[in-house]
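Trainee:
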Ligand code: GCW
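Residue numbers (this note's numbering): 61 to 748.
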């Protein structure tokens with residue numbers, strides 16, 4: 061049952077060619093130091109280089125050295141760089157690079173830094189060697205926590221399958237109620253993640269069913285086995301826990317967070333976990349959300365709930381990732397005063413300052429739920445005295461489910477670069493808030509990985525996983541440059557010919573793919589026009605009369621949700637200035653969010669000069685055409701030898717489905733709004 065035929069993704073052996081053809085000294089200890097040595101040794105065995113542990117080894121003379129700053133590095137060039145100083149402390153994970161007298165030097169304060177330095181050298185390839193001296197250059201991760209959450213179930217769930225919102229096959233961790241037993245696959249995954257900079261993973265669904273609840277107790281050994289595999293790659297393991305565990309597992313009559321027995325139960329549970337996994341990261345909790353248990357049952361607050369778990373973990377250095385995704389999912393569409401977009405802020409902003417220091421409030425990047433287009437969540441700017449992590453969704457639940465090409469780097473980059481207080485207030489960005497040394501909780505995302513041979517179902521969806529890790533390390537990276545990095549590692553090392561045509565095709569298909577997806581699906585900030593339940597494909601009114609609070613309110617006169625203070629739900633008031641005023645005004649609100657904030661007539665003229673109804677027609681025709689263009693770009697690569705034939709076929713099969721589905725979206729959305737509005741397409745195109 062051990063997977064052998066798994067795609068190498070961005071770490072094909074050929075990506076190590078440059079590193080592996082040099083003479084490398086590795087002076088590092090601890091699990092990650094060993095990993096660096098093994099990685100280098102493996103590369104050198106393949107490409108004729110040599111690896112040594114000491115200057116006098118016969119592997120020398122060296123042209124690359126990895127060393128820790130704690131001890132005087134044994135190689136004079138490295139010692140000289142160290143003595144040169146000037147870059148300050150590197151921290152637990154940072155590293156510096158320099159070149160001295162023909163030797164490339166990588167120094168770190170801790171072994172994990174050497175590991176990140178190793179993958180930096182791999183990315184640079186031959187450019188890491190040769191040339192003249194180069195001054196010391198420090199690299200430190202912006203975010204302390206760079207985490208992937210798996211929504212993996214132990215068993216196949218009757219509705220959600222093996223992986224909730226998973227589009228890449230089964231879980232790589234679990235099967236039939238227990239471990240899947242393919243630890244080499246888990247190790248390969250850990251290695252891929254480390255190469256992007258990810259340092260934390262949660263291995264089970266935030267919806268914690270009975271089987272997963274037991275990971276905390278009977279199945280703790282299986283969790284420890286996974287932690288052992290992740291550790292050498294600098295990744296700490298986390299578990300999603302069931303808030304009602306004291307009842308479900310402990311047989312207590314209550315899970316009240318202020319109850320003494322409940323607190324004692326959690327204290328013991330945490331102690332047991334740390335006995336098995338000394339570097340355990342902590343708990344992820346979805347409480348009082350979509351039916352999950354939580355403190356509300358006992359009349360307690362979310363601070364009471366989170367702090368109780370935080371106290372259990374504190375003696376061991378663990379953290380609680382408490383999710384802010386709390387809203388009323390039993391709404392009535394007629395009730396215009398309840399606004400799901402408001403919910404997280406209404407629940408959590410009043411609790412600012414009430415959470416223990418080892419609680420991280422994990423906030424979805426938008427106020428609703430990972431839609432194709434949402435404004436940035438106002439919670440992110442509303443809790444200066446709380447540690448906040450921003451949660452993204454790498455798995456493409458609402459962005460094509462890994463059947464459509466949708467490179468999300470540009471979306472995340474927009475979110476991370478958003479300035480909640482406008483250009484003023486030192487211009488603080490979402491990234492800066494999540495990265496703040498005192499108040500920042502880092503960046504988290506829902507993984508898109510499964511036991512599929514390409515890891516992500518759609519091979520091009522690997523780029524999303526790659527970009528997430530890299531953005532968590534360096535949030536202001538250019539997404540197009542990250543795509544190049546991914547191409548340079550994944551495809552280029554396998555080629556003996558000019559990679560330019562491949563690079564051009566991939567950029568043509570992927571750079572603008574999020575906007576393309578937006579065009580043929582959700583216009584102007586409207587969300588949820590998807591088929592209920594599985595969320596794939598168009599259904600304009602699919603969620604319109606359901607209890608989920610996800611309405612667009614289209615009628616014969618207009619469309620959109622009035623979230624203004626003047627006449628709507630007042631949601632715009634949750635933003636600081638200038639956004640509060642900008643979003644309040646239908647004239648100033650950015651076009652792409654207009655229908656998120658305003659209900660307007662179909663004839664409303666956008667800043668672009670088009671009317672809302674004409675915009676809907678134009679973007680849907682354009683989006684479906686762009687999808688067809690993506691397929692043509694890919695078809696041109698057929699038989700070129702630039703990509704592996706099986707991978708080409710897999711992508712093409714998905715593109716066929718994407719093109720079909722984009723046309724379905726175009727036709728359904730256009731027909732719906734033609735009928736509703738009675739306004740014809742100004743360009744007279746056929747709307748079936
Ligand atoms: O987007 C919604 C998904 C649920 C998910 C929930 C959450 C894990 O449709 O499947 O549950 O968000 O984030 O908790």
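Beta carbons: idealized from backbone N, C-alpha and C, even for Gly. Computed from a predicted structure; not experimentally measured.
For residue 749, tell me which candidate among 442, 209, 573 has the shortest Cα-Cα distance.
Mentor: Only positions 61 to 748 of the chain appear in the structure, and residue 749 is not among them; the question remains open.
Trainee: Take residue 113 and list the residues in its own chain whose beta-carbon comes closer than 8 Å to its own, dropping the five residues that flank it on each side.
Mentor: Position 53 of the chain shown, counted from the start, is the residue given in the question as residue 113. The beta carbon of residue 113 sits closer than 8 Å to those of 85, 86, 87, 97, all from its chain and outside the five residues before and after it, given in chain order.
Trainee: Below 8 Å, how does it come out for the region 213 to 229 and the region 175 to 183: are there three or more Cβ pairs, yes or no?
Mentor: no
Trainee: What are the complete beta strand (DSSP E) segments, minimum 3 residues, inside the region 371 to 425?
Mentor: 379 to 383, 419 to 424
Trainee: Have a look at residue 174 and residue 638 and give me their C-alpha separation to the nearest angstrom.
Mentor: What you label residue 174 is simply residue 114 of the chain shown in a count that begins at 1. What you label residue 638 is simply residue 578 of the chain shown in a count that begins at 1. Cα to Cα, the separation comes out at about 43 Å.
Trainee: Of the residues 193, 201, 195, 291, which one's Cα is nearest the Cα of residue 151?
Mentor: Against the chain shown, residue 151 aligns to sequence position 91. Checked all of 193, 201, 195, 291; the closest Cα to residue 151 is 201.
Trainee: Step through the CB atoms of chain B and report whether any lies within less than 8 Å of the CB of residue 83.
Mentor: The question asks about chain B, but that chain is absent: this structure has only one protein chain.
Trainee: Might you give, ordered along the chain, the residues of its own chain that have their beta carbon closer than 6 Å to the beta carbon of residue 596, omitting 5 neighbours on each side?
Mentor: Translated into the one-based positions of the chain shown, residue 596 becomes position 536. Non-local beta-carbon contacts of residue 596 in its own chain, meaning distances under 6 Å to residues more than five positions away in sequence, involve 461 in chain order.
Trainee: Suppose the cutoff is 8 Å on Cβ atoms and the five residues either side in sequence are ignored; what does the same chain contact list for residue 290 look like?
Mentor: In the chain shown, the residue the question calls residue 290 occupies position 230. 246, 250, 261, 296, 297.
Trainee: Exposed or buried, which one is residue 252 when buried takes at least 16 other CB atoms within 10 Å?
Mentor: Along the chain shown, one-based indexing puts residue 252 at 192. Buried, because 16 or more other Cβ atoms sit within 10 Å of the Cβ of residue 252.
Trainee: Note down the Cα distance separating residue 577 from residue 710, rounded to an integer number of angstroms.
Mentor: For the purposes of this step, residue 577 is identified with residue 517 of the chain shown, where counting begins at 1. For the purposes of this step, residue 710 is identified with residue 650 of the chain shown, where counting begins at 1. If you take the alpha carbons of residue 577 and residue 710, they lie about 20 Å apart.
Trainee: Three-state secondary structure (DSSP) at residue 681?
Mentor: Locating residue 681 in the chain shown gives position 621, counting from the first residue. It is helical.
Trainee: Roughly how many angstroms separate the alpha carbons of residue 701 and residue 712, rounded to a whole number?
Mentor: Residue numbering aside, residue 701 sits at position 641 when the chain shown is read from its first letter. Residue numbering aside, residue 712 sits at position 652 when the chain shown is read from its first letter. Cα to Cα, the separation comes out at about 15 Å.
Trainee: Assuming residue 232 contacts residue 552 (C-beta within less than 8 Å), just tell me the rounded distance between them.
Mentor: The residue labelled residue 232 in the question sits at position 172 within the chain shown. The residue labelled residue 552 in the question sits at position 492 within the chain shown. Between residue 552 and residue 232 the Cβ distance is about 26 Å, and since that is not below 8 Å, they are no contact.
Trainee: Could you say which of 268, 337, 375 lies nearest to residue 350 if we only look at CA atoms?
Mentor: For the purposes of this step, residue 350 is taken as the residue at position 290 of the chain shown. Cα-wise, what sits closest to residue 350 is 268.
Trainee: Give me, in chain order, the residues of the same chain whose beta-carbon lies closer than 7 Å to that of residue 733; leave out the 5 immediate sequence neighbours on both sides.
Mentor: Looking up residue 733 in the chain shown gives position 673. 673, 676.
Trainee: Suppose you measure from the CA of residue 110 to the CA of residue 566; what does that come to, to the nearest Å?
Mentor: Here residue 110 refers to the residue found at position 50 when the chain shown is read from its first residue. Here residue 566 refers to the residue found at position 506 when the chain shown is read from its first residue. The alpha-carbon atoms of residue 110 and residue 566 are separated by roughly 35 Å.
Trainee: Does the Cβ of residue 70 lie closer than 7 Å to at least one heavy atom of the ligand GCW?
Mentor: The count along the chain shown starts at 1 and reaches residue 70 at position 10. Incorrect: residue 70 has no Cβ contact closer than 7 Å to the ligand GCW.
Trainee: Report, in whole angstroms, the separation of the C-beta atoms of residue 476 and residue 489, which I expect to be a contact under 8 Å.
Mentor: The count along the chain shown starts at 1 and reaches residue 476 at position 416. The count along the chain shown starts at 1 and reaches residue 489 at position 429. The Cβ separation is near 6 Å, so the contact holds.
Trainee: Just mark residue 486 as buried or exposed, buried being the case when its beta carbon has 16 or more other beta carbons within 10 Å.
Mentor: Locating residue 486 in the chain shown gives position 426, where the first residue counts as 1. Under this definition residue 486 is an exposed residue.
Trainee: Give every residue of the same chain whose Cβ lies closer than 6 Å to the Cβ of residue 372, excluding the five residues on either side of it in the sequence, and list them in chain order.
Mentor: The residue labelled residue 372 in the question sits at position 312 within the chain shown. Around residue 372: 326, 327, 330.
Trainee: If you compare alpha carbons, which of 429, 126, 419 is closest to residue 443?
Mentor: Position 383 of the chain shown, counted from the start, is the residue given in the question as residue 443. Answer by Cα proximity: 419.
Trainee: Excluding sequence positions up to five away, which residues of its chain have a Cβ less than 6 Å from the Cβ of residue 413?
Mentor: What you label residue 413 is simply residue 353 of the chain shown in a count that begins at 1. These residues qualify, in order along the chain: 445.
Trainee: Using a Cβ-Cβ cut-off of 6 Å (strictly less than) and excluding sequence neighbours within five positions of residue 472, which residues of its own chain qualify?
Mentor: Counting from 1 along the chain shown, the entry for residue 472 is found at position 412. Cβ neighbours of residue 472 beyond the five flanking positions: 452, 531.
Trainee: Can you list, in chain order, the residues of its chain with a C-beta nearer than 7 Å to that of residue 61? Leave out the 5 residues immediately preceding and following it.
Mentor: Here residue 61 refers to the residue found at position 1 when the chain shown is read from its first residue. Below a pLDDT of 50, predicted positions are generally treated as unreliable, and residue 61, at 45, falls in that range; no measurement from the model is reported.
Trainee: What would DSSP say about residue 199, mapped onto helix, strand or coil?
Mentor: Position 139 of the chain shown, counted from the first residue, corresponds to residue 199. Residue state, collapsed to three classes: strand.
Trainee: Closer than 7 Å: is that where the CB of residue 348 sits relative to any heavy atom of the ligand GCW?
Mentor: Numbered from its first residue, the chain shown carries residue 348 at position 288. Incorrect: residue 348 has no Cβ contact closer than 7 Å to the ligand GCW.
Trainee: When the distance is taken between beta carbons, is residue 651 closer than 8 Å to residue 667?
Mentor: Reading the chain shown from its first residue, position 607 is the one you call residue 667. Reading the chain shown from its first residue, position 591 is the one you call residue 651. A contact, by the Cβ cut-off of 8 Å.
Trainee: With distance defined between alpha-carbon atoms, name the residue in 520, 718, 581, 607 nearest to residue 728.
Mentor: For the purposes of this step, residue 728 is taken as the residue at position 668 of the chain shown. From the listed residues 520, 718, 581, 607, the smallest Cα separation to residue 728 is found for 581.
Trainee: Run through the region 286 to 324 for me and flag every whole beta strand (DSSP E) of 3 or more residues, listed as ranges in chain order.
Mentor: 296 to 300
Trainee: For residue 451, which beta-bridge partners are listed by DSSP?
Mentor: For this step, residue 451 is matched to residue 391 along the chain shown. DSSP, once it has assigned bridges, lists 424, 504 as partnering residue 451.
Trainee: Given the structure, does residue 267 come close to the ligand GCW, in the sense that its CB is under 7 Å from one of the ligand's heavy atoms?
Mentor: Start at 1 with the first residue of the chain shown, and residue 267 comes out as number 207. Yes.
Trainee: Quick check on this structure: which residue in 557, 416, 176 has the alpha carbon closest to the alpha carbon of residue 153?
Mentor: Within the chain shown, the letter at position 93 stands for residue 153. For the residues 557, 416, 176, the minimum Cα distance to residue 153 belongs to 176.
Trainee: Please state if the CB of residue 512 and the CB of residue 228 are separated by a distance shorter than 8 Å.
Mentor: Taking the chain shown and counting its residues from 1, one reaches residue 228 at position 168. Taking the chain shown and counting its residues from 1, one reaches residue 512 at position 452. Taking 8 Å as the Cβ cut-off, residue 228 and residue 512 qualify as a contacting pair.
Trainee: Smallest Cα separation from residue 272: which of 77, 302, 256, 196?
Mentor: On the chain shown, residue 272 is found 212 positions in, with the first residue counted as 1. Taking only the C-alpha atoms, the option nearest residue 272 is 302.
Trainee: So residue 718 packs on residue 464, CB below 8 Å; how close in whole Å?
Mentor: Along the chain shown, one-based indexing puts residue 718 at 658. Along the chain shown, one-based indexing puts residue 464 at 404. Your pair residue 718 and residue 464 checks out as a contact, with CB atoms roughly 4 Å apart and the cut at 8 Å.
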